[in-house]
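Notes follow once the structure below has been shown.
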Amino acid sequence: MIYLVHTAHWQFLGLVTGVLAWILTMAAVGIDEWRLWYVDDVSIVTSGEAWVGIWRACFHSHAFPSAENCQSISISGTFVPPEIPVAQVLMMLAVISGLAGNISAGAAIRLAYFSLENRSNIRTFFALAGALYVLTATLSLVPLVWNMSSVLNNHTINFPPEYQLPAAPIRQKVGSGIGVGIFASILMLISGVLCLYYWFARRAPEQTQGPLHGPWTATTLPQNSDLSKRDSQGMDNPAFHSEEIS
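Just so you know, we're using the numbering used here here: the sequence shown kicks off at 764 and counts up by one.
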């Protein structure tokens, strides 16, 4: 049986990186601070800062019973700019795709590290994992870059009156949610490249070429029955010969 563990060390690193990137992707989905708004009316937004995510908009205020006031952002809201509902859909698809990529990479690593048979699917699993990782990074980067572009261009959002937020802030900057998401997407791309780099082809032992001396051949030691049979037939070991006595 060919030893395959040493062929998948970089792919194991890719799996670890993919799991970390998937966790960060989920964190980016849940972070409300995709856009950090600075407002001049501190009578309601007493901190002067509000943060807008893809699921809700929040701010701190002493004018309401609760210190933190949040309003959910619906995918069907007429006031919502298109980059926010697109982010809601694509980021959730990225979470699902990233999970599938981790499962595929984990199955491939298990075959390489622990399995003794049925190793022909290792390359397929790694290729699938790499493709899913790249897909996850792409699904994440599209809404992240789109929302970042809207922030840098100071695009406004016409919030309804119940949100207690102005349509346009004094200024705004990119929030931590976008930063975490972009970092997770970069890690996903690295994981995808590492998994797609796995080019080891599992072949039958008689077709596998050795690195220096051509085909590997299976050699076996003679069994005890063979040795006893040779002894019973009186076969001499040609390596030892007694010298003739003159």
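Even for Gly, the Cβ is constructed at its ideal location relative to N, Cα and C.
Residue 944 sits close to residue 903, with the two beta carbons spaced by under 8 Å.
Around residue 808, the same chain offers 802, 822, 823, 824, 927, 928 as residues with beta carbons nearer than 8 Å, after the five sequence neighbours per side are excluded. The DSSP-derived three-state label of residue 813 is strand.
Here residue 958 is actually not in contact with residue 900; their C-beta atoms are around 12 Å apart, not less than 8 Å.
Distance from the CA atom of residue 889 to the CA atom of residue 961, rounded to whole angstroms, is 7 Å.
Here residue 836 really is in contact with residue 817; their C-beta atoms are around 7 Å apart, less than 8 Å.
Assigned with DSSP and collapsed to three states, residue 928 falls in coil, not helix or strand. In terms of Cα proximity to residue 815, the closest of 826, 796, 870, 894 is 796. Counting along the chain, residue 860 sits inside the alpha helix (DSSP H) bounded by residues 846 to 876.
Under the DSSP definition of a beta bridge, residue 832 partners with 822. Per DSSP, reduced to three states, the secondary structure at residue 960 is coil, with no helix or strand assignment.
Judged by beta-carbon spacing, residue 844 lies within the 8 Å limit of residue 920, meaning their Cβ atoms are closer than that value. Annotation: the continuous alpha helix (DSSP H) that includes residue 909 extends over 885 to 915. Between the C-alpha atoms of residue 907 and residue 884 there is a straight-line separation of about 35 Å. Residue 800 is bridged by DSSP to 813, 935. Assigned with DSSP and collapsed to three states, residue 786 falls in helix. Residue 855 places its beta carbon 8 Å or farther from that of residue 896. Taking 8 Å as the cut-off, the Cβ atoms of residue 916 and residue 850 do not count as close.
Between the C-alpha atoms of residue 794 and residue 820 there is a straight-line separation of about 11 Å. When C-alpha distances from residue 827 are compared across 847, 805, 931, the shortest belongs to 805. The beta-carbon distance between residue 811 and residue 868, rounded to whole angstroms, is 45 Å. This is too long to meet the 8 Å contact definition. Within the same chain, 957 come within 6 Å of residue 773 by CB-CB distance, once the 5 residues on both sides are set aside.
Exposure of residue 924 is indicated by the presence of fewer than 16 other C-beta atoms within 10 angstroms of its C-beta.
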